[in-house]
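Visitor:
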Amino acid sequence: MARYAYRCDTDGPVEVVRPIGTAPATVDCPSCGATASRVFTAPMLGLADRGRMGLIDRTTASAHEPQVVSAPPPRPLRRDAPAPHPATRRLPRP
Ligand SMILES: [Zn+2]
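Residue numbers 957 to 1050, in the numbering used here, belong to the letters of the sequence shown in order.
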């Protein structure tokens, strides 16, 4: 749903909530019944939540510019690796 702005000549601004893309050019004013013509305003993007807008931007960008990795992630450093058993020293290692 979207809010569409109209202006009545006698009552001033009128807001109508309708599904996106279904706004007619004129509506009847709820106060006086006269024809109110549509007014185009700037989108209210500044009032959106930054976290949500960032998520939407990243999701949209990932469809066109997916992040590609060039190598597998580095293996974690094993500091406390146990010493190999002398009997298994000759076995092949992965
Ligand atoms: Zn009116």
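In this text, a Cβ means the ideal position worked out from N, Cα and C, and glycines have one as well. Just so you know, these numbers come straight off a predicted model, no measurement behind them.
1) Could you work out which residue in T966, D967, G1007 and A998 is closest to Y960 when comparing CA atoms only?
2) In angstroms, rounded to a whole number, what distance separates the CA positions of E1021 and I976?
3) Could you give the DSSP three-state label for P1050: helix, strand or coil?
4) So R1055 and A981 are supposed to be a Cβ contact under 8 Å. How far apart are they, rounded?
5) In the DSSP assignment, the alpha helix (DSSP H) including G968 goes from what residue to what residue?
6) Looking only at DSSP bridge pairs, what is V995 linked to?
7) Whole angstroms is fine: what's the gap from C985's alpha carbon to P969's?
8) In angstroms with no decimal places, state the Cα-to-Cα distance between S987 and A958.
9) Do you know how far the Cα of R1035 is from the Cα of G1010?
Guide: Once the coordinates are examined:
1) A998
2) 28 Å
3) coil
4) The displayed coordinates of the chain run from 957 to 1050. Any statement about residue 1055 would go beyond what the structure contains.
5) From DSSP, G968 is part of no alpha helix (DSSP H) but of the beta strand (DSSP E) over G968 to R974.
6) A961
7) 9 Å
8) 21 Å
9) 39 Å
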